[in-house]
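A.B. asks: Below are the structure tokens for one structure; questions will follow.
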Amino acid sequence: PSARRRSGRMAAAVLDGFTDAADLAESLVAKAGVDYRTAHSLVAAVTSEAEARGDNRLALADHQRLAELAGVASQPADPRALVLARGQDGGAAPSQVRAGAGRLRRHLARRRAWNVRWGTTARQARDQLIAEAIAASHS
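The numbering of the sequence shown is this note's numbering, which starts it at 663 and goes up by one.
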């Protein structure tokens with residue numbers, strides 16, 4: 663499948679498993695002034711109701727129920743915004759993924775160089791030991 667089709671499937675499935683629940687609770691804390699414990703309890707209750715219905719993500723009705731419980735507006739999550747908001751080190755924002763991939767490439771290059779350098783040294787030491795053993799056996 664093309665990258666475009668894969669990204670479409672990923673975008674369609676990104677909210678499965680209630681992956682937006684923590685962000686939703688954080689939004690209640692940050693934007694509505696709901697205390698942390700209450701926000702997470704409210705989201706957990708709405709998520710549990712959705713799960714009991716057999717859903718694997720929050721529907722518009724769940725957001726409306728949450729808004730009613732919290733006394734604030736609650737909008738369905740925008741998957742792209744959720745990802746872009748993860749701009750901290752190691753986060754899921756594209757810039758952070760690229761930075762992490764760059765760090766990994768540099769680390770692997772250092773490891774390869776180390777393996778080449780010490781692999782050569784080890785082969786030379788092995789060859790020298792073999793040569794000395796052969797020479798000693800002929801003496």
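Cβ atoms here follow ideal geometry from the backbone N, Cα and C, with glycine treated the same way.
What number of angstroms, rounded off, separates the C-alpha of E688 from the C-alpha of A701?
C.D. replies: Whole-angstrom Cα-Cα distance: 7 angstroms.
A.B. asks: According to DSSP, simplified to helix, strand and coil, what is D685?
C.D. replies: The answer is helix: DSSP assigns D685 an H, G or I state.
A.B. asks: What is the C-beta distance between V705 and A723, in whole angstroms, given that I count them as a contact (C-beta under 8 angstroms)?
C.D. replies: Not a contact, Cβ separation roughly 15 angstroms.
A.B. asks: Would the beta-carbon of A707 fall within 8 angstroms of that of L720?
C.D. replies: Going by C-beta atoms, A707 is not nearer than 8 angstroms to L720.
A.B. asks: Measure the C-alpha to C-alpha separation of H769 and L744 and round it to an integer number of angstroms.
C.D. replies: Going from the Cα of H769 to the Cα of L744 covers about 29 angstroms.
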